[in-house]
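Quick notes on the structure that follows.
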Amino acid sequence: MSVLVFTLMPLLAGCSRQLPPDDSLVIGQVAEPRSLDPHVTTALNDFRILVNLYEGLVRYRPGTLEPMPGLAESWSLSDDGRVYEFRLRADVQFHDGSRFDAEAVRFNFQRMLDSEHPLHDTGPFPLAFFFEQVQRVEVVDPLTVRFVLDAPFAPFPSNLAYPTGLMVSPAAVRLYGRDFGRHPSGTGPFRFSDWQSGRRVTLTRFTDYHGEPAASRRLIFRPITDPMTRVAELMAGGIDLALELSPDNVAAFRQRPAYRVLEATGPHLWFLILNLRDGPLADLRVRRAVNLAIDRQTLVHDVLRDTAERAFGPVPRAFTWAVDPELSADPSASDEARDAQLDQARALLAEAGYADGLQLRFLVPRGGSGMLAPLAMATAVQGDLARVGIDAAIDSYEWNAYLARVNAGLDASADMAAMAWMTNDPDTLPSLALRCDARPEEGGFNSGYYCNPDVDALIERARQATDRDQRGRLYRSISRLVRQDVPWVVVASWRQNLVTRRRVQDLRLEPSFFLRLDHAWKQRGLE
Amino acid sequence: MTGYIARRLLLLVPVLFGVTLVVFGVMSLVPGDPALAILGPYATPERLADLRLALGLDRPWPARYLLWLGNLAHGDLGRSVSLEQPVLDAVLGRLGPTLLLAGSALLLGTLLGLAAGLLAALRHNRITDRLVTLAVLIGISLPSFWLGLLLILLFAVWLGWLPASGMSRVWLAGTSLADLLRHLLLPTLSLALVAAGVIGRIARAAAIDVLAADPIRLCRARGIAEPRILLVHGLKAVLARTMPVIGLQAGFLIGGAVYIETIFQWPGLGRMLVDAIAARDLLLVQGGVLLLATAYVLVNLAADLLQHGLDRRTRAA
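If you read the sequences in order, they're chains A and B.
Heads up: the first sequence is residues 685 to 1211, going by the numbering used here.
Heads up: the second sequence is residues 4 to 320, going by the numbering used here.
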C-alpha cells in the first residue's frame, strides 16, 4: 500500500483545485443531449442548449410566457384570425454564413410538415403537430412571410416560441442531412464548436450576432446523470452551475453563502388522473372527497422541500393572465380548516355509501420527465387518503412502461394515476387531456374519460379568440367548471432550481425552464 | 494450440448469437418502445403509430432481428434513435474509455490482490495475516459505487486534489496523459479495491499451498529466505491458480463499470447502455452488448491461455 501511495504522490503533488477559466461557463446538465436539431428533439435537457444556438420568429418575454418579437420584428393577424404575417429582421445571418430570410422560414416549416419535402427524411419530427393548423407558408418578399391556418388558432404564437419553432440553417441541413443534429447551425448568440459524446457540448460566442454579443466567450454543457455527482462537481468547482438538484440538496445549498439558488415556477402541473368511467371515482362525491383529503401544503413543503408550488386548476399559474386568483387560494391554510376539510371528505364518502372505507388502485411511475419525486409523493398521498378511510394501493412502473399503460386510458383495474405535463399555452392541457373527443381511443390524453360539453365549448371558443383578455376570461371559466367536476386532483407546479457558484452573474431562470445564457458571466478570480 | 484457439474463437459465434437474440427478444417484450420514449407525454396512439412506422418498429421483433442479423453481416449495426447517429460510431467511441477503465482497474486490482495474498501467506496465522484478511474482506464487501462516492467526497470535494468526475478537463481542447491519469485514478481505485479483495483471497490460499509443497520445502531446507522462495520459485504457481479468477474478475469489472461510469461520469459503454435501455434504444443496446460480450469472451480466453502457459512452465521447472 505504501508503495502505491508513493507512486501516486507525484500525481497528487501540486494538485490544487483546477477550475474552469473565467470566460467559460460550465453547466452540469442532467443527461446527454439526444440531438441539437430543434425539430427532432423533445427533451427539455436539449432545449436548454438549443435556445443559445437558435432563435425563433418570436420568443418569450423575459420572466413571462408571453410571445414577443424575435427574428420577426413584428407581426399582424388577419381579421378572420387565420393569416399571420411576420416582418423579419434584415440583419440576421446563420452561423454558417448563409442569410436568414423568408425563404429560410418556409424551408423550416416545410421540412417538418410536408412529407413530400426532399429533406423530410431528416426527421422524424415528433412535435410537428404543434403546427398542424398551418395550411401553407408563403414568401411575400424576402423579409415578409405569411402563415395561412386552417382555422383560427390562438396558441399559434406561443407554439412558435417553443423550441420546435426555432429556425435552422437550410444550407446546413442540406449539407449534413440526417447528421445535422450533430452539426447544428442557427442564428443565436452562440455557435456550435464541438460535441464529444458523454463528455461535453461546447458553444462559443457568435461574433456576427445581430444583437448584443454574449457576455461569456464559451458555454460548456456537461452531461452528469447522477445527481450526487452534480452536487460533488459543483462543490469541487468543476462546474459553475448545476440543474435539477434533489430537494434535500437545494435546501442544503440555501444555507451556504458561497452558492446561489435560483428558482422559477414553470407552466407545469403534477396531477392525479381519476377514472371517471369505472369504479368508485365515477361518483363525483368520492372524487371531491379525494380532492379534499390531499394535503398539498405538506406535499410541497415537506416532501418536495419547496421545490414546487401548490396548484389547483388545469391552467398552470405561470400563465398569470389566464388564472383565477380566487381559485389558487388554498382553503386549507390553517389546521382547523384542514380538519374541517377532512370531516367534509368523510361525510362525502359516507353519503356515497363508503362509510366503512374503500379501496383504490393508484398507478405511479418510478421516475420520469417532470414527475418530481413520484414515489415519495404517492406515499404521502396514500397517507392522506388513509385519514379519511381510503385504502390506496400503489402500483409502480418504470416510466416508459408507465406511459404505455396510462396513455392507453385507465381501465377497471386502475382508479387513479399520477401524471405531469410541461405546457406552453393555457390551451395545451385542457384541449389535449380534458375534451370529450380527447379520449385515448381518438388520439388524445383524456385517460380518465372526463366529458363535459360545456367545457369543450369553452375550450373551442378560447382557441379561436384572438384577444388575450377574452381568452383569459374563458380559461378562468374552464378552470371553475373543471374544479366542480374534479376529473383530476391537481397537486403541484414544479419550481425548477439551479444552483450556481456565487461568482456567476446576471443569470435568471425563466418560467419556460429554457436557459438562455447570453447575459451570464463569471466574476474574475473570486472564489 | 492453434486449433484450441480457433475452436474457442469459433465458439464466439453461437455465444454472440445467443446473447443478441436474448437481448433483442427481452428488449422487444418489455413494455414501452423508443417512439414512446421520444414522444413522452405527447404519445398519442396515432402519433405513436406514425413514429413507429418512421422508425421501422411496426414489424414483429423476430423479423426485425433477422433484418438486424442480415445488416450485421455487412458490418451495419443500424442507427441509434436515442443518439441520432450510427450505432457503430456511438459504441466505438465509448469502447475505448471502458476498456481503459476496466483494464487499469484489473491491473491495479491484480497487483494489490497478489501483494496482499502473498503477504498474508508469508505471515500465515500471524497478526499481519489477520489484518490483511480483514482488509480483503472489507474490499469484497464494499459496494464499489458507495466507495466511489466516498472517494469523490474526500479527494475532490474536501481536499481538492483530484477531479470529481469526467475523463478530462472539459474546458481544454485536448487532453494530456497527466490529466487523463488524474481523472482515471478515483474510478480505477473504486473498481480495483473490490477486485483486489477477491484476487487476494485466492492468491493467499494458493500461496499457502505453494509454500507447503515439496520443492519449496527443499529450498527452505537449503536456507533460502521465504519471501525470495515465494517470489522466485512460487509466483508462477500462485499466478497459475489465480489466473482463472482474474479472468472472471475482468468480466465483473466490465459489468461493474456501469455503476462506476455513472458516478464518475466516465464516457464509457456501460453508462451509455443504461441510458439506451431507459430510452428503449434496441439497436444501440444490441451494439453495446455485442461489443461487451466479445470483450468478455476474449479476455477469458486470454486468461485461459495464460494459465495454460504458466502451468506448462511450472511443470517444466
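Virtual Cβ for every residue (Gly too), placed ideally from N, Cα, C.
According to DSSP, residue pairing for R902(A) in a beta bridge involves S708(A) and T888(A). Scanning chain B for C-beta atoms nearer than 9 Å to the C-beta of S881(A) yields L86, Q88, D92, A93, G96, R97, P270 and M275, reported in chain order. At a Cβ-Cβ threshold of 8 Å, F793(A) and V724(A) do not count as neighbours.
Within the model, the alpha-carbon separation for N729(A) versus A845(A) is close to 17 Å. Note on geometry: alpha-carbon atoms of S758(A) and D1153(A) lie some 20 Å from one another.
Counting C-beta pairs with one atom in each stretch, the region 171-183 of chain B and the region 196-209 of chain B have fewer than three that are closer than 8 Å, which means they do not touch. For D278(B), the chain A residues whose C-beta falls within less than 8 Å of its own C-beta are A715, E716 and T909, listed in chain order. If the five residues before and after A1064(A) are omitted, its C-beta is found closer than 6 Å to the C-beta atoms of L983 and V987, all from its own chain and listed in chain order. Proximity of S144(B) to chain A, defined by a Cβ-Cβ separation below 8 Å, is not satisfied.
Unbroken beta strand (DSSP E) runs of no fewer than 3 residues, entirely contained in the region 723-784 of chain A, are found at 742-744, 751-753, 756-761 and 767-772, following chain order. Contact of A159(B) with chain A by beta-carbon distance below 7 Å involves A916 and A920. Each residue's CA atom was taken as its position, placing D1068(A) and N933(A) some 26 Å apart. Around the C-beta of Y893(A), 16 or more other C-beta atoms lie within 10 Å, and the residue is accordingly described as buried. Beta-bridge annotation (DSSP): H952(A) is paired with M1106(A). Under the 8 Å Cβ criterion, the region 48-58 of chain B does not count as touching the region 242-252 of chain B, having fewer than three qualifying pairs. Counted as a single uninterrupted DSSP element, the alpha helix (DSSP H) harbouring D212(B) occupies residues L180 to A215. For the set P48(B), A9(B), Y7(B) and P100(B), the Cα lying nearest the Cα of T265(B) is the one of P100(B). In this structure, the alpha-carbon of L741(A) lies about 21 Å from that of F864(A). Each residue's CA atom was taken as its position, placing V776(A) and L755(A) some 8 Å apart.
Within chain A, the residues R883 have their CB atoms less than 7 Å from the CB of M170(B), given in chain order.
Between I957(A) and M1061(A), the C-beta spacing is not below 8 Å.
Relative to the Cα of M912(A), the nearest Cα in the group Q713(A), H804(A), Y1134(A) and S1131(A) belongs to Q713(A). Within the DSSP secondary-structure output, Y262(B) pairs in no beta bridge. Only residues of its own chain outside the window of five on either side were considered, and among them L976, A977, R1071 and V1072 have a CB closer than 8 Å to the CB of L1026(A), listed in chain order. Under the DSSP assignment, L1047(A) falls in the beta strand (DSSP E) whose first and last residues are L1042 to P1049. When DSSP assignments are scanned along the region 935-1007 of chain A, the uninterrupted stretches of beta strand (DSSP E) that are 3 or more residues long and fall wholly within it turn out to be 943-949, 952-958 and 992-994. When 9 Å is used as the limit between beta carbons, G28(B) is near no residue of chain A, the shortest such separation being about 17 Å.
Taking 8 Å as the CB threshold, P166(B) lines the interface with chain A.
Under the DSSP assignment, Q1168(A) falls in the alpha helix (DSSP H) whose first and last residues are R1152 to D1169. For the C-beta of V710(A), the chain B residues within less than 8 Å are, from N- to C-terminus, V173 and W174. A direct Cα-Cα distance of roughly 6 Å separates Y1134(A) from L1118(A). Taking a C-beta distance under 8 Å as the contact criterion, A1029(A) and A948(A) do not qualify as a contact pair. Taking a C-beta cut-off of 9 Å against chain A, the contacting residues of the region 8-33 of chain B are V33, listed in chain order.
Around the Cβ of H186(B), a 10 Å sphere holds 16 or more other Cβ atoms; the residue is buried. The Cβ of A105(B) sits no closer than 8 Å to any Cβ of chain A. The three-state reading of DSSP puts L811(A) in coil, since its state is none of H, G, I, E or B.
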